[in-house]
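Residue numbers (our numbering): 28 to 335. Have a look at the structure below, then the notes.
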Amino acid sequence: MTVYEKPTLETSQVEVVLSKYFESKVTGVTPLEGGNLSAVFSFSVLDKEYVIKFSDLAGSFETERFISDLLTSQGIPFPSCLGLGKFKSFNYLILEKISGLNLASCSPEQQHQLLPEVIQLLTRMNHVKLGETHGYGFINSSGNGTYNSWKEYVIAVNAEDQAGTFWDGWYSLFKTSCLEKDVFDECYNRLLAYSSYNEPHRYFIHGDFHQFNILSDGQRITGIIDPNGKYGDFLVDLATLDWHLRKLDVIQEYQRYQQQVGISIPDFKERIIGAKYYNGLIGLRFYAKMGWNDAYFGLREELLKLTN
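Shown next as structure tokens:
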């Protein structure tokens, strides 16, 4: 399996796409950093700012449109979706742009000051009403989970056969990258043991809730972006945030706020371990596929120590 490379487009190509979508003049088309799987550009129309994202992965944006409607309709600061389209072999999605820079660009002091607001937003987002939707795991274009249970999803997402997805042929990573079969199998067995604690819980999961997908103006949190939406235990998002903001007391601040607002979380210890192994197995594969060896070995060490 080769290292995945996200789409590359020239600014002139993006301008062609936008000129066909908007009647008014498009200005300031600028590539944005970030986005591991999508090419992202900002632009303006009549002094209002927008973002367009391009992906070569099939069905990459229909779910994000559903999530946009789900979250914005319940007051969560998430980009409103304007529309979907195709350009050559790429899908594209046009969204309103939320003001601010990602939280990662804030100083450590600012991140510390903003953490309580991040926790409050995470809690609100995880507890949005899911309506008539059903299922667990990946949210499909209909707004439903792809699997009948969390366990079924966990087994499927770690199976060898991932035809037609980003992970197609991922078993080759055991031979062509730093990914170690014995380490993966050990962590997978631990995941299965702890996932029974996550199993009964069904909430909205952002799926990539970290400082690069949280926006701020330095004084407040202005929004969240780029979900990898799922249904399951909301502690998956907390585990992600804790991993990425390890210098902050994320879990302690989270538990304090849950107690303050009267939210009880049974089996917290076991569920957060299950969430960390779930995230960790995805992380090991992703870092190996991207060729990020240092990140792989750092995560590997964390996972092997988690229950020892």
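Ideal Cβ placement from N, Cα and C applies to all residues, glycine included. Note that the coordinates shown come from a computational prediction; the quantities given were computed from them, not determined experimentally.
Review point. Is it true that the segment 129-147 meets the segment 214-228, where meeting means three or more beta-carbon pairs spaced less than 8 angstroms apart?
Key: no
Exercise for review: Rank H237, D244 and I125 by C-alpha distance to the C-alpha of R273 and give the top, closest one.
Suggested key: H237
Practice item. Give me the Cβ distance between I298 and L262, rounded to the nearest whole Å; I'm assuming they're in contact under 8 angstroms. Key: Sequence check: residue 298 is Arg here, not Ile. That belief holds up - the Cβ atoms of R298 and L262 are roughly 5 angstroms apart, short of 8 angstroms.
**Study point:** contact_flag[the segment 93-101, the segment 199-218] where n(CB pairs < 8 angstroms) is 3 or more
**Key:** no
Check your understanding: Measuring CA to CA, which of D276, G86, V56 and S82 is closest to P76?
Key -> It is worth fixing the name first, because residue 76 is Glu in this sequence and not Pro. Checking every option, the nearest Cα to that of E76 belongs to V56.
Exercise for review: Go ahead and pull the three-state DSSP assignment for E179.
Suggested key: helix
Practice item. State the start and end residues of the unbroken alpha helix (DSSP H) segment that holds A220. Key: K208 to N225
Review point. On the premise that S107 lies in contact with L249, defined as a C-beta separation below 8 angstroms, what is that separation, rounded to the nearest angstrom?
Key: Position check: residue 249 holds Thr in this sequence, whereas Leu was assumed. In fact, because the Cβ distance is near 14 angstroms, the residues do not count as touching under 8 angstroms.
Review point. So who's on the other strand from Y77, going by DSSP bridges?
Key: As DSSP reads the structure, Y77 sits in a beta bridge with F70 and E123.
Check your understanding: For N129, which of helix, strand or coil comes out of DSSP?
Key -> Under the three-state reduction of DSSP output, N129 falls in the strand class.
Exercise for review: Could you tell me if L73 is buried or exposed, where buried requires 16 or more neighbouring beta carbons within 10 angstroms of its beta carbon?
Suggested key: exposed
Review point. Under 8 angstroms, do R229 and G259 count as touching if we go by C-beta distance?
Key: yes
Practice item. Can you tell me which of K33, F68, E60 and L64 puts its alpha carbon nearest to the alpha carbon of Q40? Key: F68
Review point. Rounded to a whole number of angstroms, what is the C-alpha to C-alpha distance between F93 and L128?
Key: 24 angstroms
Review point. What residue does the beta strand (DSSP E) around S243 start on, and which one ends it?
Key: I241 to S243
Point to revise | Residues sharing a beta bridge with P58, DSSP | key: F68
Review point. Closest to V288 by CA distance: which of A183, R151, G170 and P135 is it?
Key: R151
Review point. Does the Cβ-Cβ distance between Q138 and L148 come in under 8 angstroms?
Key: no
Exercise for review: Using beta-carbon positions only, say whether Y180 and G191 come within less than 8 angstroms of one another.
Suggested key: no
Practice item. Going by CA-CA distance only, name the one from S71, S82, G86 and K113 that's closest to R44. Key: Rather than Arg, the amino acid found at residue 44 in this sequence is Val. Answer by Cα proximity: K113.
Check your understanding: Are S168 and T90 touching if we call contact CB-CB under 8 angstroms?
Key -> yes
Exercise for review: Please report how far the alpha carbon of P135 lies from the alpha carbon of A302, in whole angstroms.
Suggested key: Cα-Cα distance, rounded: 26 angstroms.
Point to revise | Beta-bridge partners of C108, as assigned by DSSP | key: L122
Review point. What residue from D235, D83 and Y198 has the CA that sits closest to D269's CA?
Key: Out of D235, D83 and Y198, D235 has the C-alpha closest to the C-alpha of D269.
**Study point:** Where T249 falls: helix, strand or coil (DSSP)
**Key:** It is a strand residue.
Check your understanding: So, using beta-carbon positions, are L109 and E123 closer together than 8 angstroms?
Key -> yes
Exercise for review: Could you check what DSSP says for G259 in three-state terms: helix, strand or coil?
Suggested key: strand
Check your understanding: What's the call for N153, buried or exposed, on a 16-neighbour Cβ count within 10 Å?
Key -> Counting Cβ neighbours within 10 Å, N153 comes out buried, since at least 16 surround it.
Review point. Roughly how far, in whole angstroms, is the beta-carbon of L330 from the beta-carbon of Y304, given that I think they are within contact range, below 8 angstroms?
Key: 7 angstroms
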